[in-house]
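To start, the structure itself, in structure tokens.
Protein chains: 2
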Amino acid sequence: MSEAVQNSIEEITPSEWELMRIVWTKGQLYSRELIDLMQAKRSWSDSTIKTLLRRLVKKGLLQTEKQDRRFLYTATISETEAMNGSAEQLFDHLCAMKKGETLLNLIQHVELTQTDIQKLQAALTEKAKTAPTEVACDCLPNSAKCD
Amino acid sequence: MSEAVQNSIEEITPSEWELMRIVWTKGQLYSRELIDLMQAKRSWSDSTIKTLLRRLVKKGLLQTEKQDRRFLYTATISETEAMNGSAEQLFDHLCAMKKGETLLNLIQHVELTQTDIQKLQAALTEKAKTAPTEVACDCLPNSAKCD
DNA sequence: TCCCTCCGTTTACAGTTGTAACTCTACATG
DNA sequence: CATGTAGAGTTACAACTGTAAACGGAGGGA
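The listed protein sequences derive, respectively, from chains V and X. So that you can map any letter, position 60 of the first sequence is 60 in my numbering, and since no number is skipped, the others follow by simple counting. In my numbering, each residue's number is its place in the second sequence (first place is 1) plus 1000.
Written as structure tokens, this is what we have:
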């Protein structure tokens, strides 16, 4: 059946990401606050935002708790889980042989702090200890190779 | 600004990625070959694959050239462009402050070759020369901070 | 010449996403 | 008590996705 394990996080659409980020940042809040914060960034109608909230609840990404007569929203998965899950989902689509190239591009274009860089370097050094000299392309059934 | 920028590549759906990867790998091929290769990985009907191909052409990701009486398909964007574009789109949804963390997770989970690692390290070293000590969260309009 | 088969085109249909109006209900207020 | 109102729920609707059957024309073989 459903619930419990989300064996690879529900898809989060772009609009949903925006809402989730607010929830993660604030921890918990009422739809009214959510709507106000959201409208400070996007001119979406109240209705639109409420629809998105309900969909997020249905997907199990948000949960509500009745307070007075309104609902307090909280996230059911952490921002880290969501970020890592989505990033991994994306990388799953890429040719195994070219993931490194894509990471390189990201590293060059994403803003990173000195601390981030240190951690990344440490991880790479660690990874180098067991990394292979090559990774095979997995774009075709098995036959022809990737260049 | 930059140059020749393609204002953010058409969205590529998961099914479409699978087809595109075959096209990128083979360079150019007829729908029949594409269908056969695809069916060796997924049990999609001919029809389904043909529909996807037409949609990819409509989106401008594939282009056709009439040969005899069938079409030869080729990609209009390179695999690298697509990979980088999609990866950047994903990262656009993430909190600026947490992109480093996500990259760290990817680096730890993605299979990388020694060469990939060396390049990544070189890029990081370069980046460290100008990296800031912190990056601000951009999840809320401006107000409240991220944790 | 006739039909079968291959390939491309049309149509289909449910589910998801973006976007939003409308409605219902319980309160607060006059 | 009569209402306006905030917050929740219902309905809507077009575009996009996943998945595929059905249709139509052209070439190859009988």
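From the three backbone atoms N, C-alpha and C, an ideal C-beta is built for every residue, glycine too. Model, not experiment: these values are computed from the prediction.
| query | result |
| --- | --- |
| From lysine 26 of chain V to serine 78 of chain V, what distance separates their C-alpha atoms? | 12 Å |
| Which residues, in chain order, does the stretch 1065-1083 of chain X contribute to contact with chain V at a C-beta distance below 7 Å? | Glu1079, Thr1080, Met1083 |
| What is the DSSP secondary structure of threonine 51 of chain V, counted as helix, strand or coil? | helix |
| Skipping 5 residues on each side, what residues in its chain have a beta carbon closer than 7 Å to that of glycine 85 of chain V? | Ser8, Ile9 |
| Is there a Cβ from chain V that is less than 8 Å from the Cβ of arginine 1021 of chain X? | yes |
| Quick one: what's got a C-beta closer than 7 Å to isoleucine 1099 of chain X's C-beta in the same chain, skipping five residues either side? | The identity of residue 1099 of chain X in the sequence shown is lysine, whereas the question assumes isoleucine. Answer for lysine 1099 of chain X: Phe1091, listed in chain order. |
| If you follow the alpha helix (DSSP H) that arginine 1032 of chain X is part of, which residue opens it and which one closes it? | 1031-1039 |
| Determine the DSSP secondary structure at cysteine 146 of chain V, reduced to helix, strand or coil. | Any reading at cysteine 146 of chain V needs caution, since the residue's pLDDT is 47, under 50, leaving its predicted position unreliable; the model's value is listed next. Three-state DSSP puts cysteine 146 of chain V in coil, outside helix and strand. |
| Below 7 Å between beta carbons is the criterion; list the residues of the stretch 82-99 of chain V that meet it against any residue of chain X, in chain order. | Met83, Asn84, Ser86, Ala87, Glu88, Leu90, Phe91, His93, Leu94, Cys95, Ala96, Lys98, Lys99 |
| Give me the DSSP bridge partner(s) of alanine 1075 of chain X. | X/Leu1062 |
| Kindly say whether lysine 127 of chain V, judged by its beta-carbon, lies nearer than 8 Å to any beta-carbon of chain X. | yes |
| First and last residue of the alpha helix (DSSP H) that includes glutamine 100 of chain V? | Note that residue 100 of chain V is glycine in the sequence shown, not glutamine. Residues 99-109. |
| For leucine 104 of chain V, which residues in chain X fall below 7 Å Cβ to Cβ? | Lys1119, Leu1120, Ala1123 |
| For threonine 1130 of chain X, is the classification buried or exposed, using 16 other Cβ atoms within 10 angstroms of its Cβ as the cut-off for buried? | exposed |
| Provide the residue span of the alpha helix (DSSP H) that contains threonine 1125 of chain X, from first to last. | 1114-1128 |
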